[in-house]
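I have placed the structure first, in the form of structure tokens, so that the comments after it can refer back to it.
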Amino acid sequence: MQAIRRGAMLAAMTLSIAACGAEVLVVAERSDDPSTATTSPPFQPDVPSTEDPPVTTTETGTVPPTDPATTPPPTAPRVIDREAINFGPNKPPSPYDDFLLATVTDLDVWWTELYPEIYGEAWVPLRGDVYAAYPGRPDDLPGCGTPRTGYPEVQEFVAFYCGTGDFIVYDDGDDGLLAALAENFGAGTIGIVLAHEYGHAIQQRSGVLERRLPTVVSEQQADCFAGAWAARAARGEGGLTFTDADVRSGLIAMLEVRDPVGIDQFTPGGHGSGFDRVGAFQVGFQRGPQRCSELDDDPLPLMPNQFNDSEDFANEGNAPFGYGERELLGFLVNDLNLFWANDAAIDGFEPLTLTPVQAADGVPCTDLEPGFDAGVALCPSTDTVYLNEPAALDLYRQPTFGDFSIGYLIGIAWADDVQTALGSTLDGEARELANDCLTGAWVQTVIPVDFALPEPRDPDRTAVVSPGDLDEAVRTAILIGDVAADDDVLGSSFEKIDAFRRGVIGGLDACDV
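Below you can see the structure in the form of structure tokens.
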């Protein structure tokens, strides 16, 4: 996040105009091509990246792992195709092999049923196999435009679908990203990755991969298909049963394979930010595969993922931690107060004060709201928000959280006070989810669109989001959300992200307060 001076967005537009020409169009031969950075200075790296987003954004262990992390989701008694995956002759056994066999078996059964309903013709099974790649496997993986696919290439891509050979390959090595995801968050993460790759096989059959579409659009649709399959598993259908923790793992999987911060998602191979990918997954989960099938013509909105200016690029999107006018906790407080008092014009809202403290015993408040341990808590009786500075600094310094993890938490405190001003009678989980939506509605007003911030707005507001900020908010929602959907305290990770995203996209009108 950053504070901008008036007119700065126009300057950014002038410097970046060369990067904003015609939309990049890609005819996909192999899905999940690595993203490359644009070369327009000063806001992009001047050496194109050759690494795939799943590799360059490997940030496992940033959210508390599922317990037990290595236990695959249960499979109900049904006929599992033991040849659904080509494991090769000498694969070391993995604790999730049977789960992945059940996953691929179910994906084929599911699409055999669904494809005719959606596309009006029979599902054609993969001509090739689903291959497990690992270091000791003989050189027998088919190539995709080359005679053979080597294990280092699979490590780079993590998993991919090849339209030429109509096959899928995934990294089954012990040191790969998928193994790390499975260890930390459960094998459901790999199942969701395979469901995503099956989504590309759907696109090959439906003709989507033959169209001149930006790669990010086809990736969004595949994420949506993966979410729709995860919902099937969450319902206990198809012989698999996903728990709330497995669904949470799906959100984490989407975050871990996001585009690197600062990458234009419309470059060839772009997959979208974590916010975008989680959103597509949620749309599939909630609305099903029919809506996913429409995304090639009616895609979901994408959030900007390029740096605003050279200062933003130099800071990697993180404002300085401090309380000055152009420091994070100075301009955030100013922007929130001006938005709710003037732009949103909430009757009865009084500007809040942010007060940093070192420990809970330093808070002189008799009605302190929950949240202090996470970093921020509201004291309604004094119109004060107390910042747990050690906890906030810890979040700020973690590369996978950063400045807007704090911004999201502060936004929630302001939103709760806004609900009081509005006379809201919501309490418990419903109130917390309304806070998420209201925070998202404020965020909508600090997202630049075509190099300008939304109008009308108070001229003294200076906050603007940076690439990665919304991903940081999503990651924080996962961190603080209820473990199970029926806990009904703060809302599950899925519910909190959905409410936040609803506010970001729909604004105040989308929040039921």
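For the sequence shown, position 377 matches number 377 in the numbering used here, and the numbering has no gaps at all. Don't be surprised by glycine CBs; every beta carbon is placed ideally from N, CA and C.
If you ignore the 5 residues before and after D460, its C-beta comes within less than 8 Å of the C-beta of N334, L338, all in its own chain and listed in chain order. Shown here, C365 sits in coil according to DSSP, grouped into three states, outside any helix or strand. In this structure, the CA atom of M254 is about 30 Å from the CA atom of V79. By the Cβ rule, the segment 120-128 counts as touching the segment 163-173, because three or more pairs are nearer than 8 Å. Per DSSP, the unbroken beta strand (DSSP E) holding D171 starts and ends at 167-171. G411 and G317 do not touch by the CB rule: their CB atoms are close to 17 Å apart, not below 8 Å. Looking at the DSSP output, N388 shares a beta bridge with V357. Here the alpha carbon of F285 sits roughly 27 Å from the alpha carbon of V465. Shown here, V283 sits in a helix according to DSSP, grouped into three states. Listed in chain order, the alpha helix (DSSP H) elements of length 4 or more contained wholly in the segment 177-208 are 177-185, 188-206. Q2 sits in a strand when the DSSP states are folded into three classes.
Contact fails between the segment 185-203 and the segment 270-280, because fewer than three Cβ pairs, one in each stretch, are under 8 Å apart.
When rounded, the separation of the alpha-carbon atoms in I447 and P89 is 52 Å. R235 has no beta-bridge partner at all, per DSSP. For the 8 Å CB-CB criterion, A132 and D172 form a contact. In the three-state scheme derived from DSSP, where H, G and I count as helix and E and B as strand, V465 is classed as coil.
It is roughly 28 Å from the alpha-carbon of Q419 to the alpha-carbon of Q358.
Going by C-alpha positions, G120 is about 23 Å away from E219.
Pairing I406 with L395 gives a Cβ-Cβ distance under 8 Å. A straight-line Cα-Cα distance of about 16 Å links F242 and G288. Put simply, of G238, V217, R291 the residue whose alpha carbon is nearest the alpha carbon of T267 is V217. Straight through space, the alpha carbons of D487 and L479 are spaced by roughly 15 Å. Its chain contains A441, Q444 as the residues whose beta carbon lies nearer than 7 Å to that of G507, once the 5 sequence neighbours on both sides are disregarded; these appear in chain order. Distance from the CA of V474 to the CA of M1, rounded to the nearest whole angstrom, comes to 15 Å.
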